[in-house]
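Novice: Numbering-wise (the working numbering), the sequence shown opens with residue 1 and increments by one.
Note that beta-carbon positions come from the ideal geometry of N, C-alpha and C, so glycine has one too.
Remember, predicted model here, so these are calculated numbers, not experimental data.
First the structure, which I've put down as structure tokens, then a few questions once you've had a look.
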Amino acid sequence: MNQEYITVSHLSKKFARKEVLKDVNAILHRGEILGFLGPSGAGKTTTIKILTGQLKPDSGTVRILGTDCSRIDESLYEQIGIVTDTSGVYERMTVYDNLKYFARLLGAPLSSIDPLLKRIGLEEQKKQPAGKLSKGQTQRLILARAILHRPKILFLDEPTSGLDPTTALEVHRLLLELKEEGMAIFLTTHNMEEATKLCDHVALLNEGVIVEYGTPEEICLKYNQVKRYRVQLKGGVRHTLTHSPENAGKISHWLEENEIETIHSCEPTLETVFLEVTGRELQ
């Protein structure tokens, strides 16, 4: 059976008079990636802080590995890893010593450090002060620290924000490997392309409310009301055609005549769905 590692039921939270989360519901299973997606101020970071015991909800319940989040203790923290935009490193310590310190703190074997450094591509920087790392290398070190003790759940708050495309792809590869190994990953991002690539389920969050929830494919197909096809013919001529018997005949003719170079369906992306549902850009 697919174990429920996180269960969120009717979660709400206010700051002063502003309600930042309103009746939020979600489930994260073992070996899945769940994405909470939305622009800045949507309530993503607040959700993570509640799930990790840093904030108390005003109403609703959250269970982490079967434990109510209001009762999170040291033993539960040993089973989760956290990467946020405020996560830092000890800049004067070497890359290895950063991980050595946290290995002792978290009860992880020191023998796991070198294989992990190799896995995240920091083997050559092992003896380098962490303050000398690039931004992408620093983010990989922070991620390594979060998974050093092999947690059951990994919380990631905008983990690739500001990273170059190559480094972001390296992080994506590692996250997919961790998922395949059974780790449950709770991801927040405003990058809908990233979410489509990584997430098994996503929640589109707008002003504290989940406006859509499901797999990326389910959500995109739900809003694919007007089916269109983008066709490029030999010679570079391009057509965008709606679904109709007449246009089906055109496409069939071009196929028979071997005139088509490329053909793609034009279903909406998560970003266009979010804009349609909320009227808001993601940035």
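DSSP state of Arg92, grouped into three classes?
Specialist: In this structure, Arg92 counts as coil in the three-state DSSP scheme.
Novice: Do Thr189 and Leu31 have their beta-carbon atoms positioned less than 8 Å apart in this structure?
Specialist: The identity of residue 31 in the sequence shown is Gly, whereas the question assumes Leu. No; because the gap between Cβ atoms is not below 8 Å, this pair is not in contact.
Novice: Does the stretch 207–215 come close enough to the stretch 17–28 that 3 or more CB-CB pairs lie under 8 Å?
Specialist: Taking 8 Å as the limit for Cβ pairs, the verdict is that the stretch 207–215 does touch the stretch 17–28.
Novice: Quick one, which of Gly41, Asn224, Tyr213, Ala195 has its alpha-carbon nearest Pro159's?
Specialist: The candidate whose alpha carbon is nearest that of Pro159 is Ala195.
Novice: Within a Cβ cutoff of 8 Å, which residues of the same chain sit near Leu11, ignoring the five residues on either side of it in sequence?
Specialist: The residues are Leu21, Asp23, Val24, Asn25, Thr47, Ile50, Pro57, Ser59, Gly60, Thr61, Val62.
Novice: What are the residues that DSSP puts in a beta bridge with Glu212?
Specialist: Glu212 pairs with Leu204.
Novice: Thinking C-beta only, is Lys100 closer than 8 Å to Leu116?
Specialist: Cβ atoms of Leu116 and Lys100: not closer than 8 Å.
Novice: Taking all protein chains shown into account, decide if Asp2 is buried (16 or more other Cβ within 10 angstroms of its Cβ) or exposed.
Specialist: Note on identity: in this sequence residue 2 is Asn, with Asp being the wrong assignment. Counting Cβ neighbours within 10 Å, Asn2 comes out exposed, since fewer than 16 surround it.
Novice: When you measure from the CB of Leu174 to every non-hydrogen atom of the ligand SAH, does any distance come out below 7 Å?
Specialist: Summarising the ligand content, the structure contains no ligands, and the ligand SAH is consequently not present.
Novice: Could you tell me which whole beta strand (DSSP E) segments of length 3 or greater appear in the stretch 29–64?
Specialist: As far as the stretch 29–64 is concerned, its whole beta strand (DSSP E) runs of at least 3 residues are 33–37, 59–64.
Novice: Who pairs with Tyr229 in a beta bridge, going by DSSP?
Specialist: For Tyr229, which the question treats as bridged, DSSP gives the partners Leu241, Ser265.
Novice: With a threshold of 16 other CB atoms inside 10 Å of the CB of Gly41, please say whether the residue is buried or exposed.
Specialist: Gly41 should be labelled exposed.
Novice: Since Tyr223 is in the beta strand (DSSP E), which residue starts that stretch and which ends it?
Specialist: That residue, Tyr223, is in no beta strand (DSSP E); it is neither H nor E in DSSP.
Novice: Taking 6 Å as the limit between beta carbons, can you name the residues of its chain near Thr167, skipping five residues before and five after?
Specialist: So the list reads Gly136, once near-sequence residues are dropped.
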